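Trainee:
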Amino acid sequence: MGSQNYFIRQNVTQEEVDQIYVGVHNYFSIKLHHGDTFTKFPDVKYQKGKLTYVDLIDIDKFSLHVMEDVMYDLGYGEEMDNEIPIYYHYLVPNEGLDFGLRALGNDADVIRFSKYVGECKLFNVYTEHGKTNLHTYFCSPSKVRLEVLDDDGEVDVLDTGKKVCSKLLLCWAETGSNEANEANIEEQMGNIEPEPSIVYQPTFEPTTYVPELSYDELESFDPFEGIIEEHMGEEQEDGEEEDEEGDEETSEEGGDETSEEGGDETSEEGVEEGSEQRRHKKVSKEGDVDYIVDEENKMDDVAVDMTDFRLNVDGDVVEDEILVDAFDAEMMDNELFDSAVFESKQAVKKMLTSYIVSTRRNIKTIKDDKGRLQAKCKGSMPTFDVNKDGIHIPSQQRAESSNNSKDKGSMVINKGGRGKMTNPSLYSCTWVLYVSKVKDSETWMVKTFNPKHKCLQTRNVVACTAEFLSEHLVEQVEENPHIPVRAIKEQFQRKFELGVSMMKAFRAKQRAMQKLHGDYSSQYGMLRDYLEELVKRNHGTTVKIEVEPCTDPTSQTRQFRRIYVCLGSLKRGFKEIGRDLLGIDGAFMKGPFPAENTSSWTWFLKCLGDDLDLTERSNFTFVSDRQKGIIQALEKVFPCAEHRYCLRHIHENMKLNFKGLAYKEFIWKLASATTEIKFYKIMEDLKKFNNEAAIWLSKIPPKHWSRSHFSGRAHSDVLLNNMCESLNSKLVDGRDKPIITALEFIREYLMRRIVIVLKVIDANEDEMLTPYAKSQMEAIKKEAAKYTVAWNGGEHFQVSGPFGDQRVVDMRQKTCACRRWELTGIPCRHTVAAIWNMEKNTQGNGLPEHCVHQLYMMETWRRVYSHKVFPINGKSMWPTSRIPTTLTAPKHHKPIGRPRKVRRKSKTENEDIVTGTKLNKKNTINHCQKCGNRGHNSRTCKGQKEQS
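For the sequence shown, the UniProt record's numbering assigns the number 1 to the initial residue and increments by one for each residue that follows.
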């Protein structure tokens, strides 16, 4: 007996294994081959060695540590203590040694191994000691690896051959509550295995189209490799990348796939041809015939007007303040400072700045201390001739004086400088202002003021700063945040008659936006106060903040790392739906924010699982685009979840090597096929059309992108991630704001959207189904009218229609052979025809709407949106957080150069089929009309030979 987790014996038969595990799903046995090595590929053999059976292994507790314990019990302890590596390989059921061996070297391999436990209970496991002779692509031997996360969230791989214990990771994290924060302890063990399930095996051979691919190729193949996503690139990693054009494309591809509604496919085989033609005709009008659009799941989201969104969290609220336009011509005269009294020195400076800009004078501050402020005009004086008394000398008299040498001393040339004259006022501007503080008071009063100017006006005024211009730009930027910088420059030049550079106008706009929406760095200090108000007004809201590790526990600041917010009303509304489907996508911020990675996605998914009551064995369905680290995070946090890839992004990558409408037709037919039989038939047709394209596409497991391999748990057959892209496009205007402003933009948008949806619900209160489900049912009924039904007298119906479309409907199990009812929750055309036949035979009421899933009912829709998002107070009313530390801005590496404002397009987007009025000739070969050779045209022909 080696351990309480397994039992070792020397002999066992397959019949005994089958008897042991009857009704037991989580346990299995291992037929362990040890003490020998493999021969080289091909004809791999494991001839010698010993054979041991290990029984009663619990898949929930199985890991590489269990295998090490077994090897210790078998007498290999000394070998392992000497750090001699042991390579573990398991054989896939019903496969040979040449192509069926898989590596068992880390936790990810264990997870892949666990997928076979449901269909097999006795596994062959082979060991090699010291080295391995396997050189096929199906094995990637490695020693036991323990994944340890460092403080930066990166993974360090520690190789060891010794018997080790499980590692614990201490992650300091802070939450939005006022309670003391404890260290989050996560056990870094890889024994998270999926729930065994019954696997449907088709009667035909599904592997006829599968190429001879190596295991490493299958594991490392990325269906999205080569696409420069709107979220990918160097700028993305620094949070600088923008997705404006991608959001515009979202509106074109159509609407929002909301979580409470789903879709159904209403065409099959021959009937599909008409809908396919209509779909291509509509896409052609949009300008891209090679762009995948899921018309059956295309929905229009409600319009939410966010143009009047405003939030100022940096400035204090000023009530009953009367603002005087400093540039009123009647106010800015020479009597402005006469006997004027000011409440503070700042008010004096503000008025002085306005006066300087309005009069276009070069006035400078001479003295500025606690009790006084003195300013003088240092403007340029005009150049002319005067005598010693300051009287101008006419040109004729000046000529006569120049001939009289005795009178040379009486003529003075004034060039604006003081020189050594005894009366400086004759050679400089006389404007002066002196303001001092009244004794025993905070009031400031003008004591001296000479309003007379003798200098020239200038267009280069130092007081006209970007800060000054921003104060006169706030209201305009609030009304039109997208005003061009050039327009701002021209506007100020006309208004003030001063020279304003493009950079100064740009900085003025940036500071005006900062005044409106807050500062990126300063808002982190107020973040906890804002979250206190948010949680107070919206009960049940979850807020989690994670900070960077701090080596000094006495420090009063903590550096922000990431935040998670889940509004309580949205959480409750999502649970009312009853659909296990969620779309996830990255909406990257356009400011100095940290970039996403595998660690951040893992942290987010764990927080999400806690709020939605999801466990490691939850059979949930996620739909996503290619995001950095999201695939690895989903496999780690929810190994049993169904993960669908967005078909549009797979097609974008496919177009890099296989272009044309024919490939688009094939991938769409494969993805929209609802049965495995039809899927494999279409794959065979693709193989005949282009074998390389079939090999490329077969590398992507169909369970991620084809309806034929989708489960019916989600009650949705969506193939695109429109549900996230639609929401992402609505939040574009909030992604370039500071953190509090961005969070408020999202909360206010959701609050307004719920109100608009409730108005739509009230307008359809007499309906049974939601507007989307109603439109789908109307289309299905039109198709069902073309079908005939044969009843067997029980619960089964044979439904026949055009183009040889014949299916069996089971009303008791609520299934149809086409699987559309199972996938979407909406009866297909075969089911509707059967329901009508039941009414003829007095077996039902003949209403197909009664067979629609509850999530499409209007009552469910109303319950979902009955949970409302509540408004919050302004900054002056926020409660003060009792957490003693203050948050600071996160780490951010500013890249060199100007931040990109337009996303990077993929290669296929840059290659337009039509350029202007001519076809794009890229990747085509020119033929000369004169000589007939290739590589040049008739204009450049010189009788040369054909270019190779």
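Each residue gets a CB set at the ideal place from its N, CA and C atoms; glycine is no exception.
Treat the numbers as computed from the prediction; the structure is a model and nothing was measured.
Could you spell out the range, first to last residue, of the alpha helix (DSSP H) harbouring residue 830?
Mentor: For the purposes of this step, residue 830 is taken as the residue at position 830 of the sequence shown. 829-840 is the span of the alpha helix (DSSP H), which, as asked, contains residue 830.
Trainee: In whole angstroms, give me the CA-to-CA distance for residue 613 and residue 566.
Mentor: Residue 613 sits at position 613 when you count from the first residue of the sequence shown. Residue 566 sits at position 566 when you count from the first residue of the sequence shown. Computed Cα separation, rounded: 13 Å.
Trainee: Could you check the C-alpha separation between residue 687 and residue 836 for me, to the nearest Å?
Mentor: Sequence index remark: in the sequence shown, residue 687 carries index 687 (1-based). Sequence index remark: in the sequence shown, residue 836 carries index 836 (1-based). Cα-Cα distance, rounded: 41 Å.
Trainee: Compute the Euclidean distance between the alpha carbons of residue 159 and residue 812, then round it to the nearest angstrom.
Mentor: Numbered from 1 along the sequence shown, position 159 holds the residue referred to as residue 159. Numbered from 1 along the sequence shown, position 812 holds the residue referred to as residue 812. Here the model assigns residue 159 a pLDDT of 39, short of 50, so the residue's position is not dependable and the matter cannot be decided.
Trainee: Can you tell me whether residue 9 is buried or exposed? The criterion is at least 16 other CB atoms within 10 Å of its CB, across all chains shown.
Mentor: Sequence index remark: in the sequence shown, residue 9 carries index 9 (1-based). Result: exposed.
Trainee: Below 8 Å, how does it come out for the stretch 485-501 and the stretch 445-454: are there three or more Cβ pairs, yes or no?
Mentor: No, because fewer than three Cβ pairs between the stretch 485-501 and the stretch 445-454 fall closer than 8 Å, the two stretches do not touch.
Trainee: Does residue 13 come out as helix, strand or coil in the three-state DSSP assignment?
Mentor: Indexing the sequence shown from 1 puts residue 13 at position 13. Reduced to three states, the DSSP call for residue 13 is coil.
Trainee: In three-state DSSP terms, what is residue 857?
Mentor: Position 857 of the sequence shown, counted from the first residue, corresponds to residue 857. Strand.
Trainee: Enumerate in chain order the residues of its own chain whose CB-to-CB distance from residue 12 is below 6 Å, with the five nearest sequence positions on each side excluded.
Mentor: Numbered from 1 along the sequence shown, position 12 holds the residue referred to as residue 12. Once the five neighbours on either side are set aside, the close Cβ partners of residue 12 are 53.
Trainee: Can you check which of these residues, 7, 71, 526 and 21, is closest to residue 33 by C-alpha distance?
Mentor: On the sequence shown, position 33 is the one that residue 33 refers to. Checked all of 7, 71, 526 and 21; the closest Cα to residue 33 is 71.
Trainee: With DSSP as the reference, please indicate the residues paired to residue 821 in a beta bridge.
Mentor: By one-based count along the sequence shown, residue 821 stands at place 821. DSSP lists no partner for residue 821.
Trainee: Taking residue 463 as the reference, give the member of 363, 767, 712 and 744 with the closest Cα.
Mentor: Residue mapping note: residue 463 aligns to position 463 of the sequence shown, counting from 1. When each option's Cα is compared against that of residue 463, the closest is 363.
Trainee: What I want to know is whether the C-beta of residue 466 ends up closer than 7 Å to one or more non-hydrogen atoms of the ligand FMN.
Mentor: No copy of the ligand FMN occurs in the structure displayed, which carries no ligand at all.
Trainee: Reducing DSSP to helix, strand and coil, say where residue 665 ends up.
Mentor: Indexing the sequence shown from 1 puts residue 665 at position 665. Three-state DSSP puts residue 665 in a helix.
Trainee: Could you have a look at residue 67 and say whether DSSP puts it in helix, strand or coil?
Mentor: Stepping through the sequence shown from its first residue, residue 67 is reached at position 67. Of the three classes helix, strand and coil, the one that applies to residue 67 here is helix, per DSSP.
Trainee: For the stretch 742-754 and the stretch 854-873, state whether three or more C-beta atom pairs, one from each stretch, are separated by less than 8 Å.
Mentor: In short, these stretches touch, since the Cβ pair count reaches three.
Trainee: For residue 647 versus residue 673, is the C-beta distance shorter than 8 Å?
Mentor: The residue labelled residue 647 in the question sits at position 647 within the sequence shown. The residue labelled residue 673 in the question sits at position 673 within the sequence shown. Result no, Cβ atoms of residue 647 and residue 673 do not sit closer than 8 Å.
Trainee: Report the residue ranges of all beta strand (DSSP E) runs contained in full by the stretch 545-623; include only those spanning at least 3 residues, in chain order.
Mentor: Fully enclosed beta strand (DSSP E) runs of 3 or longer: 557-566 and 581-584.
Trainee: Please confirm whether residue 855 and residue 572 have their CB atoms less than 8 Å apart.
Mentor: Here residue 855 corresponds to residue number 855 of the sequence shown, with the count starting at 1. Here residue 572 corresponds to residue number 572 of the sequence shown, with the count starting at 1. No, they are not a contact pair.
Trainee: Return the residue from the list 887, 734, 771 and 682 that minimises the CA-CA distance to residue 530.
Mentor: Here residue 530 corresponds to residue number 530 of the sequence shown, with the count starting at 1. It is 887.
Trainee: Hey, which unbroken runs of the alpha helix (DSSP H) at 4 residues or more fall wholly within the stretch 651-697?
Mentor: Qualifying alpha helix (DSSP H) stretches, in chain order: 661-672 and 676-689.
Trainee: So the candidates are 507, 706, 341 and 465; which of them puts its Cα closest to the Cα of residue 484?
Mentor: Within the sequence shown, numbered from 1, the residue matching residue 484 stands at position 484. The shortest C-alpha separation from residue 484 is found at 507.
Trainee: For residue 550, which option in 770, 544, 559 and 347 has the closest C-alpha, if you only look at C-alpha atoms?
Mentor: Reading the sequence shown from its first residue, position 550 is the one you call residue 550. Of 770, 544, 559 and 347, the residue nearest in Cα terms is 559.
Trainee: For residue 884, count neighbouring Cβ atoms within 10 angstroms of its own Cβ and tell me buried if that reaches 16, exposed if not.
Mentor: Here residue 884 refers to the residue found at position 884 when the sequence shown is read from its first residue. Exposed, by the Cβ-count rule.
Trainee: With DSSP as the reference, label residue 720 as helix, strand or coil.
Mentor: Along the sequence shown, read from residue 1 onward, the residue named residue 720 stands at position 720. Of the three classes helix, strand and coil, the one that applies to residue 720 here is coil, per DSSP.
Trainee: On the CB-based measure, 16 or more other CB atoms within 10 Å of its CB, does residue 127 come out buried or exposed?
Mentor: Counting from 1 along the sequence shown, the entry for residue 127 is found at position 127. Buried: at least 16 other Cβ atoms inside 10 Å.
Trainee: Whose C-beta lies closer than 6 Å to the C-beta of residue 862 among residues of the same chain, with five residues either side of it excluded?
Mentor: The residue given as residue 862 occupies position 862 in the sequence shown. Once the five neighbours on either side are set aside, the close Cβ partners of residue 862 are 761.
Trainee: Does residue 776 pass the burial test, meaning 16 or more other C-beta atoms within 10 Å, or should it be called exposed?
Mentor: Within the sequence shown, residue 776 is the residue found at index 776, counting from 1. Per the 10 Å Cβ criterion, buried.
Trainee: How is residue 889 classed by DSSP in three states: helix, strand or coil?
Mentor: To locate residue 889, count along the sequence shown from 1; it is residue 889. Reduced to three states, the DSSP call for residue 889 is coil.
Trainee: Could you check whether residue 832 and residue 781 sit closer than 8 Å to each other, using their CB atoms as the reference points?
Mentor: Locating residue 781 in the sequence shown gives position 781, where the first residue counts as 1. Locating residue 832 in the sequence shown gives position 832, where the first residue counts as 1. The answer is yes: Cβ separation under 8 Å.
Trainee: Less than 8 Å between the beta carbons of residue 576 and residue 860, yes or no?
Mentor: Taking the sequence shown and counting its residues from 1, one reaches residue 576 at position 576. Taking the sequence shown and counting its residues from 1, one reaches residue 860 at position 860. Yes. Within cutoff.
Trainee: For residue 38, which residues of its own chain have a beta-carbon under 6 Å away from its beta-carbon, when the five flanking residues on both sides are left out?
Mentor: Counting from one through the sequence shown, the residue named residue 38 turns up at place 38. Cβ within range, chain order: 44, 46, 133 and 134.
Trainee: Compare the Cα-Cα distances from residue 97 to each of 892, 881, 124 and 592 and report the closest residue.
Mentor: Locating residue 97 in the sequence shown gives position 97, where the first residue counts as 1. Cα-wise, what sits closest to residue 97 is 124.
Trainee: Compute the distance between the beta-carbons of residue 17 and residue 122, then report whether it is under 8 Å.
Mentor: Along the sequence shown, read from residue 1 onward, the residue named residue 17 stands at position 17. Along the sequence shown, read from residue 1 onward, the residue named residue 122 stands at position 122. Yes.
Trainee: Given residue 116, which residues of its chain have a CB within under 8 Å of its CB, disregarding the five upstream and five downstream residues?
Mentor: The sequence position of residue 116 within the sequence shown is 116, counting from 1. Counting only Cβ-Cβ distances below 8 Å, and skipping sequence neighbours, we find 92, 93 and 123.
Trainee: With a Cβ-Cβ cutoff of 8 Å, do residue 768 and residue 849 count as a contact?
Mentor: Working through the sequence shown from its first residue, we reach residue 768 at position 768. Working through the sequence shown from its first residue, we reach residue 849 at position 849. Closer than 8 Å, so yes.
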